[in-house]
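Data first, discussion second: the structure below is written as structure tokens.
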Amino acid sequence: MKLLLQGDNYQQMVDNQVFLDGFIIGIDNLSINVSFMCAADEIKSFLKKFPDKEVFVILNKNYQNDDLMYLEKTLLQLSEVRVAGVLFYDLAVVYLNKTLNLNLNLIWHAEHFTTNHFTYSVYNNYQVVGMVLSLDMHFSEIKQISEKIKGITMLPIFGHYPIFNSIRRLGKNYFSFFELEKSLNDLFLQVDDFKLPIIDNKKGTAIYHPYLVDGSKIIKQLDEIDYGIINGYQVEDKKLMKVIKKIFNRQSLSGVINDLSENIFYQQTTYRIKGDDL
Amino acid sequence: MKKPELLAPAGDFEKAQWAFLYGADAIYLAGPSFGLRANAPNLSLLEIKKIVQIAKQNNKKVYVTVNIVLHNQEAEKLLAYLKKLEKLQIDAIIVSDLYALQLAKKHTKLKVFISTQTSIMNYQAILFLEQIGADRIILARELAKDDIKLIKEKTNVELETFIHGAMCASVSGRCVLSNYLSNRDANRGGCSQVCRWNFTLYQDNRKISDNFAFFIKDLIMASHIKELMNMAIDSFKIEGRMRSIYYIAVVVSIYRQIIDGYYLNDNYQLNKNDYLRLQKVANRHACSQFFADNDNANYHYYNNEEVSNQDFLGIVIGRKDNLIYVEQRNRFHVNDQVSIFGPNTKEKEYTIYKIYDEKGGLISAAAHPKQRVYLDINAVVEKNSIIHKLI
């Protein structure tokens with residue numbers, strides 16, 4: 062398994078590059094839940110700074126009509142430079158890649174939909190070459206899918222995981238209604254013993270899993286997965302360095318950082334296919 | 066002006082019948098598996114067969130949701146289920162997963178609609194889905210009027226848009242709060258509506274509120290129906306498979322009137338009382354959400370402002386001589402003034418002069434749930450009419 066960093070900032074990438082195979086970066090106005098972003102025409106100079114790294118671009122917003130022109134321009138620019146691939150959510154990306162014959166390496170990243178290999182095969186017919194496996198399934202399902210996929214596989218193995226996205230400004234609207242003069246920084250919801258971070262900005266609202274995903278103990282069993290994604294979002298730079306070094310050495314993260322959980326890989330929601338009566 | 070399809074929710078067999086009775090052109094429902102409202106009673110395959118027969122006799126349509134996000138275990142069993150649905154001669158399936166689309170297109174003759182769960186918000190995504198065989202797209206609920214208009218201009222496939230009912234706080238398909246806070250899979254039918262909980266909100270470690278909430282108002286598009294009809298949107302969808310038959314009767318009948326009204330007369334005026342009735346029927350406030358305005362605090366209702374609606378008083382189940390035979394749904398009394406409307410009759414006001422129990426004894430009130438009584442209201446009303454409070 063190679064390691065990719067979706068960094069919180071540029072310095073995280075510079076400081077940790079020796080342990081990493083590449084990076085995932087966002088594009089202004091086309092990505093959400095990503096801290097480090099640049100404009101499409103800055104990608105070339107970014108790539109020059111890391112000539113031996115694989116750089117993937119994440120385009121994971123739901124696009125509205127107004128976004129499409131800029132999306133098209135961005136994809137054209139990406140096709141002209143050496144990006145390793147594009148992690149996408151919206152089908153407009155697939156459409157444009159196909160229509161404009163861009164031959165980008167598209168990686169399906171609809172984070173709560175990437176839960177089986179059958180659907181990946183459908184996308185594979187339309188020039189999608191990989192998939193970021195969802196964390197909304199049990200470890201056994203992740204393993205099964207990773208063994209069956211013919212393509213690039215990725216898995217989030219560390220960091221904050223978004224479990225809610227809205228284009229609404231839930232914090233801002235609440236404060237506005239009750240005339241509370243509060244900033245939108247450092248908000249979290251307390252639910253029983255859990256603290257769920259909320260990010261409310263001009264792109265909408267995201268709520269994150271209460272714990273940092275900790276895949277350090279399972280990655281040895283998932284080595285057939287091509288890339289593990291380390292998300293440095295809202296993780297202190299010094300702690301992240303320790304985390305990355307541990308993961309690189311395939312060591313446990315216990316004691317390195319607080320609020321870790323590997324339970325997300327073992328969570329199984331209940332679902333049963335019922336019989337019919339015909 | 067094209068007349069759109071009025072599409073109503075059917076959470077069970079009874080609701081399916083009521084939706085057709087009150088004027089829906091089509092209904093959508095879930096069968097025993099693969100639907101996103103696993104907590105609704107839903108319909109067995111036998112019930113689907115029966116409702117399809119009723120639909121065909123009345124020139125109406127039945128769509129079945131197969132819209133969960135598939136895990137491997139479900140994907141392996143899906144084709145067998147689709148073939149069963151095809152045998153029942155339903156008119157279309159509604160899917161979120163492209164594997165379901167591909168299977169249906171390759172192995173059956175079923176029409177396939179793409180669920181709002183895929184949160185399609187732009188015309189290029191739709192053009193792609195057209196190319197791979199989708200027959201209809203159910204648009205995301207975050208679209209403004211101009212977005213919908215442009216999508217219609219740029220695409221060729223049928224378009225369906227919500228006109229009434231509950232809204233998600235999240236972009237559809239991008240919320241798994243239920244998975245992690247109640248172990249119920251939001252994308253496989255188990256959504257526990259975490260977005261309607263109250264939370265404690267902190268900033269750093271300081272508590273800001275014990276009652277932080279998202280609470281999104283319902284959608285009501287009654288005053289924008291003409292605009293949507295002018296755009297030639299193919300289907301107008303009412304949300305609400307978990308709602309009551311009262312909700313279905315009121316909402317379907319009012320939108321039926323509005324659509325027919327504009328279709329026949331460009332200058333049709335929305336009845337103010339109908340609009341108020343639509344606002345009241347679901348216990349929570351409603352607004353036109355993103356259609357006419359950007360996101361703002363007015364889309365929410367805070368302080369738990371849901372008000373229990375006890376307007377629904379009874380259903381007319383028959384007649385005896387000049388008395389109407391009624392099954393009670395909320396308490397009502399002699400001398401109450403009520404409003405009654407039916408599948409083919411408009412709202413009219415009446416006074417309840419006398420109430421008789423089933424043995425013919427005079428009583429002063431129908432006080433017990435589902436109590437059956439006879440009413441003297443000095444009028445003839447049709448069976449399956451709804452009795453409710455004056456607006």
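Same order as they appear, the protein sequences are chains A and B. The numbering used here puts the first residue of the first sequence at 62, with every later residue one more than the last. The numbering used here puts the first residue of the second sequence at 66, with every later residue one more than the last. No residue lacks a Cβ here, since even glycine has one placed at the ideal position from N, Cα and C. This structure is a prediction, so every number in the text was calculated from the model and none was measured.
Where residue i and residue j are concerned, what is the direct C-alpha to C-alpha distance, given to the nearest angstrom?
| i | j | result |
| --- | --- | --- |
| Asp-338 of chain A | Leu-147 of chain B | Note that Asp-338 of chain A has pLDDT 44, beneath the 50 cutoff, so the model's placement of it is unreliable and the number below is only indicative. So the alpha carbons of these two residues sit roughly 15 Å apart. |
| Gly-191 of chain A | Ala-190 of chain B | 19 Å |
| Asp-441 of chain B | Ile-456 of chain B | 21 Å |
| Leu-208 of chain B | Phe-356 of chain B | 6 Å |
| Pro-97 of chain B | Met-307 of chain B | 15 Å |
| Lys-411 of chain B | Tyr-340 of chain B | 15 Å |
| Gly-425 of chain B | Ile-133 of chain B | 52 Å |
| Phe-309 of chain A | Ile-203 of chain A | 21 Å |
| Ser-237 of chain B | Thr-130 of chain B | 15 Å |
| Thr-173 of chain B | Ile-291 of chain A | 43 Å |
| Lys-105 of chain A | Gln-188 of chain A | 24 Å |
| Asn-270 of chain B | Gln-258 of chain B | 27 Å |
| Cys-260 of chain B | Asp-275 of chain B | 15 Å |
| Ile-259 of chain A | Gln-182 of chain B | 23 Å |
| Phe-97 of chain A | Glu-115 of chain A | 16 Å |
| Asn-262 of chain A | Gln-196 of chain B | 35 Å |
| Thr-220 of chain B | Thr-226 of chain B | 15 Å |
| Val-381 of chain B | Ile-228 of chain B | 28 Å |
| Gly-265 of chain A | Phe-249 of chain A | 15 Å |
| Ser-288 of chain B | Leu-335 of chain B | 7 Å |
| Asp-69 of chain A | Phe-255 of chain A | 23 Å |
| Trp-262 of chain B | Ile-310 of chain B | 26 Å |
| Gly-326 of chain B | Asn-164 of chain A | 51 Å |
Closest to residue i by C-alpha separation, out of the options, would be which residue?
| i | options | result |
| --- | --- | --- |
| Lys-121 of chain B | B:Ile-155, B:Tyr-320, B:Ile-323 and B:Asn-137 | B:Ile-155 |
| Asn-449 of chain B | B:Gly-379, B:Lys-435, B:Asn-387 and B:Val-438 | B:Gly-379 |
| Lys-342 of chain A | A:Lys-281, A:Met-302 and A:Lys-233 | Residue numbering for chain A in the displayed model covers 62 to 339; residue 342 of chain A lies beyond these limits and cannot be assessed. |
| Ser-180 of chain B | B:Val-438, B:Leu-101, B:Tyr-245 and B:Tyr-87 | B:Leu-101 |
| His-173 of chain A | B:Asn-443, B:Ser-109, B:Val-177 and B:Asn-252 | B:Asn-252 |
| Tyr-415 of chain B | B:Val-446, B:Leu-224 and B:Ile-382 | B:Val-446 |
| Leu-166 of chain B | B:Phe-301, B:Leu-153, B:Asn-187 and B:Phe-193 | B:Phe-193 |
| Glu-279 of chain A | A:Phe-200, A:Gly-83 and A:Leu-163 | Rather than Glu, the amino acid found at residue 279 of chain A in this sequence is Ile. Ile-279 of chain A has its Cα closest to that of A:Phe-200, out of A:Phe-200, A:Gly-83 and A:Leu-163. |
| Leu-81 of chain A | A:Ala-153, A:Val-304 and A:Ala-267 | A:Val-304 |
| Lys-454 of chain B | B:Ile-273, B:Lys-171 and B:Arg-394 | B:Arg-394 |
| Lys-110 of chain A | A:Gly-83, A:Met-130, A:Leu-165 and A:Leu-157 | A:Gly-83 |
| His-178 of chain A | B:Ile-298, B:Asp-325, B:Lys-345 and B:Leu-135 | B:Leu-135 |
I want to verify the contact list: residues of chain A whose CB lies under 8 Å from the CB of residue i, in sequence order.
| i | result |
| --- | --- |
| Leu-144 of chain B | The contacting residues do not exist; Leu-144 of chain B stays about 10 Å from chain A at best. |
| Ala-351 of chain B | By Cβ distance, chain A contributes nothing, its closest Cβ being about 16 Å from Ala-351 of chain B, past 8 Å. |
| Arg-102 of chain B | Ordered by position in chain A, no residue passes the 8 Å Cβ test against Arg-102 of chain B, which lies about 13 Å from the chain. |
| Val-241 of chain B | His-173, Asp-197, Ile-224 and Phe-225 |
| Asn-244 of chain B | Asp-197, Ile-224, Gln-328 and Thr-330 |
| Asn-361 of chain B | Asn-234 and Ser-237 |
List the residues of chain B whose Cβ lies closer than 7 Å to the Cβ of residue i, in chain order.
| i | result |
| --- | --- |
| Val-155 of chain A | Phe-193 |
| Met-198 of chain A | His-136 |
| Val-296 of chain A | Here the premise fails: no neighbours, minimum Cβ distance about 17 Å. |
| Leu-152 of chain A | Ala-190, Phe-193 and Leu-194 |
Give the interface partners of residue i over in chain A, defined as CB-CB distance under 9 Å, in chain order.
| i | result |
| --- | --- |
| Phe-356 of chain B | Residues of chain A passing the Cβ test: none, with the nearest at roughly 14 Å. |
| His-365 of chain B | Arg-229, Leu-231, Asn-234, Tyr-235 and Phe-238 |
| Tyr-164 of chain B | Asn-177, Phe-179, Thr-180, Tyr-181, Ser-182 and Val-183 |
If the cut is a Cβ gap below 9 Å, which residues of chain B does residue i touch?
| i | result |
| --- | --- |
| Glu-202 of chain A | His-136, Asn-137 and Gln-138 |
| Leu-250 of chain A | Phe-264, Thr-265, Leu-266, Tyr-267 and Phe-277 |
Report the neighbours of residue i on chain A: residues whose CB is nearer than 7 Å to its CB, in chain order.
| i | result |
| --- | --- |
| Phe-279 of chain B | Leu-231 |
| Glu-207 of chain B | Ile-228 |
| Met-60 of chain B | Because chain B here runs from 66 to 456, residue 60 of chain B falls outside it and cannot be looked at. |
| Ser-235 of chain B | Phe-225, Asn-226 and Ser-227 |
Report yes if the C-beta of residue i is less than 6 Å from at least one heavy atom of the ligand MG; otherwise report no.
| i | result |
| --- | --- |
| Asn-90 of chain A | Within the structure as shown, the ligand MG is missing, as the structure has no ligands at all. |
Inset, instruction - Identify every run of the beta strand (DSSP E) within the segment 243-327 of chain B, keeping only runs that are complete inside it and at least 3 residues long; order them along the chain. - result: 264-268, 271-277, 283-285 and 300-303
Inset, instruction - Specify whether the segment 200-217 of chain B and the segment 269-280 of chain B touch according to this definition: at least 3 beta carbon pairs, one from each stretch, less than 8 Å apart. - result: no
Legend entry - Validate contact between the segment 358-366 of chain B and the segment 388-401 of chain B using beta carbons, cut 8 Å, 3 pairs: no
Legend entry - At least 3 beta-carbon pairs within less than 8 Å: the segment 234-245 of chain A vs the segment 204-216 of chain A: no
Inset, instruction - Count the CB pairs spanning the segment 79-99 of chain A and the segment 117-128 of chain A that are closer than 8 Å, and state whether there are at least three. - result: yes
Legend entry - Segments of 4+ residues assigned as alpha helix (DSSP H) that fall wholly inside the segment 323-389 of chain B: 337-345
Inset, instruction - Return the chain-ordered ranges of every alpha helix (DSSP H) run that is complete within the segment 121-192 of chain A and spans a minimum of 4 residues. - result: 129-140, 152-160 and 178-185
Legend entry - Stretch-stretch touch, CB-based, cutoff 8 Å, three pairs: the segment 314-328 of chain B with the segment 80-93 of chain B: yes
Inset, instruction - For the segment 176-205 of chain B, list the beta strand (DSSP E) runs that are entirely contained and at least 3 residues long, ordered along the chain. - result: 177-179 and 201-203
Legend entry - Meets three-Cβ-pair contact criterion under 8 Å: the segment 315-327 of chain A and the segment 268-277 of chain A: yes
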